[in-house]
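In my numbering, the protein residues as written are 24 to 184. Every residue, glycine too, gets a C-beta built ideally from N, C-alpha and C. Heads up: the structure comes next, in structure tokens.
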């Protein structure tokens, strides 16, 4: 007897077994990089974690940050931040001062109770060379004010002495 005699069932099983390709997030060395991850908030904030490998069945491997649903309870480095509204479902990971070693697979796992063990998202981070700081640099308002203040101080100093 053929295992796939009910071909519709085999087709459904085959479709659900296909791996979902990871979203690619690109950045440059020294950048601030945002890895998106959100869940639908329906009155409950859920524990979650970010890890540095594909999402396992539960939790995260090689955790970089973890919450209890309200507060961060584990952080591998201050470079890893959750700057969104964690208690409302925005658990996007921000990496500050990106380094080449940040490249690789990241897992966002939200521990939502139920048969699927929560929401799991794999992201692939690609890091390019150093972000350009010398070409096409346009001073920010802060830089212009600081330069103007220094220039004024130098002129004032030279007049006083």
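Residues near residue i in its chain [Cβ-Cβ closer than 7 angstroms; skip 5 each side]
i           : result
residue 77  : 128, 130, 145
residue 140 : 80, 81
residue 163 : Any answer about residue 163 is weak, because its pLDDT of 49 lies below 50 and its placement is not dependable; what the coordinates show is given next. Nothing listed; no residue qualifies.
residue 83  : 72, 73, 74, 130, 132
residue 64  : 111, 112
Same chain, Cβ closer than 6 angstroms to residue i, neighbours up to 5 away in sequence not counted
i          : result
residue 62 : 112, 133, 142
residue 49 : 149
residue 99 : 87
residue 85 : 74, 75, 76
Exposure label - residue i; buried when at least 16 CB within 10 Å
i           : result
residue 125 : buried
residue 159 : Confidence in residue 159 is poor, its pLDDT being 47 and thus under 50, which makes the residue's placement unreliable; the coordinate value appears in the next sentence. Under this definition residue 159 is an exposed residue.
residue 121 : buried
Rounded separation between residue i and residue j - CA only
i           : j           : result
residue 93  : residue 110 : 5 angstroms
residue 68  : residue 55  : 26 angstroms
residue 71  : residue 91  : 7 angstroms
residue 57  : residue 116 : 6 angstroms
residue 151 : residue 105 : 23 angstroms
residue 102 : residue 136 : 30 angstroms
residue 138 : residue 89  : 22 angstroms
residue 119 : residue 53  : 8 angstroms
residue 59  : residue 147 : 11 angstroms
residue 107 : residue 114 : 6 angstroms
residue 51  : residue 95  : 26 angstroms
residue 66  : residue 46  : 28 angstroms
Identity of the residue in the options nearest residue i by Cα
i           : options         : result
residue 73  : 52, 53, 97      : 97
residue 123 : 47, 45, 75, 153 : 153
Residue i CB to nearest heavy atom of the ligand SAH below 7 angstroms
i           : result
residue 120 : For the ligand SAH, the structure offers nothing, since it holds no ligand at all.
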